[in-house]
Structures are given as structure tokens and as C-alpha cells.
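Residue numbers (UniProt numbering): 1 to 515. For every residue, glycine included, the Cβ atom is placed at its ideal position computed from N, Cα and C. No experiment lies behind these values; they were computed from the predicted model shown. Everything below concerns the one structure shown next.
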């Protein structure tokens, strides 16, 4: 055993141990001469001209390294601003070696591609209109109106304000008699203060393009069946798909497909799963009082909120690495909930507010876990923190639990068909990396065979989803081109549900095996 290496369980080799020669106790007691200060010498080098440029070139990450880093840490964001890496012209994607499609029907592929290529300018305009008019959950009125009008113009039977949701809609097209039903989703909502920082403008028009392309293929190749496009509101908050699912919006579908933009390696897609999510709102009610003259008469609701925040922060020490929880304190007016008319006309309420013990505070929390089963147990632990804060401060607490988002169950047969077509026909590499975001489409994937791939669009460094930079990226020509490519792949994958009975049976068997 090396004496310089202590054996400390799993920390072996982590700490170095100083070794010294043995000395007697007498020698230790003898006065030692003062130690001379140790001088540090630094070698000064003159950097040659161009040194910085060489270093920057050496530090560039190769494509192979990007893929390796993305595999081990898929949440990393990179800047892919070099134009050569992205398709600047949707009509001229990068070169590849085409091969037969999995279902050996190149004529269908040509129909789908021709349809989407001709639609591309219109879809681009539609995407920018939605991007320029961001609307929050359940308020997507403008998107509802222009999308339903567009689908009606292209021969779909449209049901507006679908199933009691004012901004939900359904567009369907049937051909022949009988046959199977393929569903598609279009999301529309934006983020408060950020706009379309999750790229739902791209999701909206991708669903439109997929549905119209499948319709064209059904007509051109006389394929019986039905394609249904649902306009689903409130994905970011509110669970629009969960509501539509509960009200029967998906009951006639044999399978459902959609896609989502994200940062990543150029010309790549991902069919990994997402995690489950629970949205919890808590209100704390206290008693106002003069903060200096009689604080003992008050009950501080804001203290309860801060204590809850601290408790959950400590809970993170015992959380599993793949669990997440994050929250905010809502509202900025901490004055009492009584009559505010006494403050009318005051220009600065800062001193007034700080002298009053707050009688109300509100928080919103989101807990996440890999599966909905794990989520239930995790939410219980978080709830204990929220309730304990109320008890500790003598406040009353009211908790509201919103419908949970289930983890995404990608259908393995649909995912394989998508991946094969993406690579063999369009040169898009698909990975199975899981991601730590959540979607209400996860609930749909529990009810019927589903596929929800993400696709890469160019972003700035640290400009991933839910950032202003991503909102900017979602309006670029390159993002549109990437979306159009994935729309072609999904249209071909969805068409197989209608055209290939054996394939559809495999899809359903894979779904049953996931239960």
C-alpha cells in the first residue's frame, strides 16, 4: 500500500497524505530554526502573434465530440450559428444517399414531399403570424381563428371551440369507407413575457402540414381512412390535451403523432421520453398587524412562504438526481387584502407595505419525476414541506393540485419507423436520449399509441427552450426548414398507420406491452 494514499472507502486517492520522517519526542521539543520563506518563481513567456486564434481553433468542438457530450449531458445547449451547418434553403437540404423507405412506397413519399414543398411558403407565413401574436394558455384566439380558416380552405371539416374549450379545434378529413384513423396535434400557446420561447408556432404549422400531406397521399393513392388534426391549447400550463382526452377528443384515433423543437446537433431528432409533472398552487392566509407597534398581533403569511421555500430547498438534499422541483412566490403587493381605497392616490407604497405584516402569500410549485408513480410519492414529500410551513407560522394553507402530466411513452414501433425514414431518406440522425421537460402529450401516450419526437433548430449558446433566444430562433428560416423535414418524416410515418395493417398491429402490440 502506498503510504501517500490513504484508504478512505470510495474516496481512495482523493486526498493526499503528507509523509515525514520519524523524530523522537526530545527532538520535537527542541527549538527549530525559523523557516525561510519560500519564493515562488513564475516563468514569463511572450505569446507569439496569432496565439489566441490558434487556441480558439484548438478548443472548437468537433461534430463527434458534440454528439458524445450531448449523449452524456443532453441538456447542454450549444451555438450552431455557422450557416454551413444548417439548411438555408428548404428546397435544397444537405446531400445524402437515398434508400428505399421501410414500406417501399416511394410514390407516397413523392406525394408527401411535393405537397409539403408547395405548402412551405404558406406554412412559413402562418408560423410567423402566430409567432408575432403570442397568446397565453386558453387565450389562443388568433391562432385558433387563422389555423381553422387555413384547414377549412384545404378541404377539412372543421369543428371550432371543440369540446367546450374556446380555443381548441378539430379538423378532419375522411376518404373512402372504413379504414383506420391517424391523429395529429398542433400546439398554440406561448409563454408569459417570453412569447413563443418554446416554438409552438412551429408545432402549430407542423401539425397543419402533416395533416394536409396525409390527406393528399390518401387522395392520390386512394387510401381509405381518416386523418384528424387537433388544435390543443394550454400545453405550457393548464393541460389542454388532458382535458380533451377526458372529454373524448382522442377516442377514435388508432395512433397520434406530433413534434417539438429543441436545441441540439444540426439535422438531428430525438425520440426519448419526457418526465411526469405535477403543478401545485398554495395560498397562505395570516393576520395583518403593525410590524413595529404590535407584531405579536399578526400572523405573517409571507414568512410561511419563505419557510416553505427553505424547506423544499433542504428537501433537494435527499432528492433523487432525476427528480426536479421549482417554485415562485407570486404577487408583489404584500399589503393586507382589505380595502385598498385608503391607499388611493399614494405614489409610493413601499414604506406602507414594509410596515404591515402580510396576511396573504401565494406560491406555485412544479414537481417532476421520471414516472407518474414516482411523482405521486415525491409530491407527498413536497406537500409536507408546504403544510409544515403553515403550521410553523400559525397560518392557514390552501393547496390546489392541477392535473398531472404523465411521462411520455414513445411507441417503440412508431419510433423505429420514424428513425429509419429520417435517416435513410432525409439524413437526420435520431437518438433516444431522455429529457427533463414535461408535456401533456404524455397523458395521451398512456391512452393510445403515440409518437412525439423533438427536432433540433439552431440556437444561441444557453439559448434553449423557455429563453428569449429560443423565441428568436423559432422564427428563423433554418428552424422552419428543420420543421418541414420532420413534418415529412411524420407524415410518412402516420400514413403507414392507414396503409399497412400489419404495421398498425405491431404498433398496437407495442402499446399494450408498455402498460
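- Runs of the beta strand (DSSP E) spanning 3 or more residues and lying entirely within the region 122–160 occur at 157–160, in chain order.
- Unbroken alpha helix (DSSP H) runs of no fewer than 4 residues, entirely contained in the region 354–439, are found at 372–393 and 412–426, following chain order.
- For residue 261, the three-state secondary structure derived from DSSP is strand.
- Around the beta-carbon of residue 110, fewer than 16 other beta-carbon atoms lie within 10 Å, marking it exposed.
- Separation of residue 368 and residue 200 (C-alpha to C-alpha, rounded to the nearest whole angstrom) is 22 Å.
- With a cutoff of 7 Å on beta-carbon distance, residue 167 and residue 140 are scored as near each other.
- In this structure, the straight-line span from the alpha carbon of residue 503 to that of residue 492 is close to 13 Å.
- Going by DSSP, residue 231 is part of the beta strand (DSSP E) stretching over 225–232.
- The region 222–234 and the region 181–190 touch, with no fewer than 3 CB-CB distances between them shorter than 8 Å.
- Between the region 204–218 and the region 239–255 there are fewer than three inter-stretch CB-CB distances shorter than 8 Å, so the stretches are not counted as touching.
- Residue 402 and residue 237 have their C-alpha atoms some 9 Å from each other.
- A contact between stretches requires three or more CB pairs, one per stretch, nearer than 8 Å, and the region 415–435 fails this requirement with the region 388–397.
- Counting of Cβ neighbours within 10 angstroms places residue 451 among the buried residues, the total reaching 16 or more.
- Rounded to the nearest whole angstrom, the C-alpha separation of residue 311 and residue 282 is 14 Å.
- In terms of CA proximity to residue 152, 169 leads the group 136, 169, 137 and 164.
- If you draw a straight line from the Cα of residue 366 to the Cα of residue 515, it is about 26 Å long.
- Its chain contains 223 as the residues whose beta carbon lies nearer than 6 Å to that of residue 499, once the 5 sequence neighbours on both sides are disregarded; these appear in chain order.
- Here the alpha carbon of residue 478 sits roughly 17 Å from the alpha carbon of residue 489.
- Taking C-beta atoms under 8 Å as the contact rule, residue 406 and residue 443 qualify, at a distance of about 5 Å.
- Residue 299 is bridged by DSSP to 287.
- The alpha carbon of residue 358 has as its nearest neighbour, out of 130, 285, 108 and 412, the alpha carbon of 285.
- Looking at the DSSP output, residue 170 shares a beta bridge with 159 and 230.
- In this structure, DSSP gives residue 512 a helical state, which the three-state scheme calls helix.
- Your pair residue 474 and residue 268 does not check out as a contact, with CB atoms roughly 17 Å apart and the cut at 8 Å.
- Under DSSP, residue 276 takes part in a beta bridge, and its partners are 369.
- Rounded to the nearest whole angstrom, the CA to CA distance from residue 265 to residue 148 is 34 Å.
- In the displayed model, residue 200 falls within a helix according to three-state DSSP.
- Beta-bridge annotation (DSSP): residue 324 is paired with 368.
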